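In what follows, a structure is listed as structure tokens, so that the remarks can point back to it.
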Amino acid sequence: MQQTIDKGYAVVVPGMQLGPGYRSKGNLPHHAVINPRKPSRVRVVLDCAAKVAGKSLNDLLYQGPDTTACLVGILLRFRRGPVAVSADVEEMFMQVKVSKPDCGVLPFLWWPKSDIEKEPVEYQMTSHPFGAIFSPFCANSALMKTAQKFSSDCDSSVGESVLNNFYVDDCPVSFPNDEDTKSFVVQLNELMARGFKLKKWVTNSEMVRKVFP
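Using our numbering, the letters of the sequence shown map in sequence onto residues 10 to 222.
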């Protein structure tokens, strides 16, 4: 949680330190999700599905349409070429900001500097959290808009891959040869740098690996 705050993904709500006279409009519970295969990595999830008086925040939010590309199509296209490459977006949800008027619906309590000896403080998310029903659509929409806005700066195939070959934050693609793959890696990384950061690059080609950022 402290990393979330330190990176600016959450900020203190002005004037909301707990104490005498504090009155909360309600704060979201939160918990950690740990991947057994990666125990050192902790994902903070705001429980927007928690109900009060029979209603949760997710019940009141607009989820948005499912704009995720078809996984079957992505996998079939991935099998076409002999040279494979993939990457995923680092902290994809957190890279997409929540509009300022809406940050107030994502409050939670935490201790200043994670010091449990101090009184908790009310924070609010400034980025899209895990647990909010709208986060997947908003993050995917931002990804698509990045590709559409800046795709003219690269080969058309690169922009098309962002639109058609991303499954949430993963982009597995394949090409007929090393040169095409290397060009794709360089251009995709430059395109995505306009709003996101790619990580976990993987390929079956030693030549392609040399151009990984």
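For each residue, glycine too, the CB sits at the ideal point set by N, CA and C.
As the structure is a prediction and not an experimental result, all values here were calculated from the model.
Under the DSSP definition of a beta bridge, which residues are partnered with L55? H39
6 Å CB neighbourhood of E199 in its chain, flanking five on each side removed: none
So, W210 versus A96, is the Cβ gap smaller than 7 Å? yes
Determine whether the beta carbon atoms of L18 and I83 lie at a separation below 7 Å. Note on residue identity: the sequence assigns Tyr, not Leu, to residue 18. Result no, Cβ atoms of Y18 and I83 do not sit closer than 7 Å.
Which runs of the beta strand (DSSP E) at least 3 residues long sit entirely within the region 170-196? Give them in chain order. 179-184
Under three-state DSSP, which class holds T212? strand
For V220, would you say it is in contact with chain B, using Cβ-to-Cβ distances shorter than 7 Å as the test? Of the protein chains in this structure there is only one, and it is not chain B.
Tell me the residue span of the beta strand (DSSP E) that contains Q72. Looking at the DSSP string, Q72 is not in any beta strand (DSSP E), and its letter there is neither H nor E.
Expressed to the nearest angstrom, what Euclidean distance is found between the alpha-carbon atoms of F139 and S161? 32 Å
Within 7 Å, strictly: CB atoms of A93 and N173: no
Closest to K191 by C-alpha separation, out of M201, K219, V171, would be which residue? K219
Measure the beta-carbon distance from G73 to F146 and round it to whole angstroms, keeping in mind my assumption that it falls under 8 Å. 3 Å
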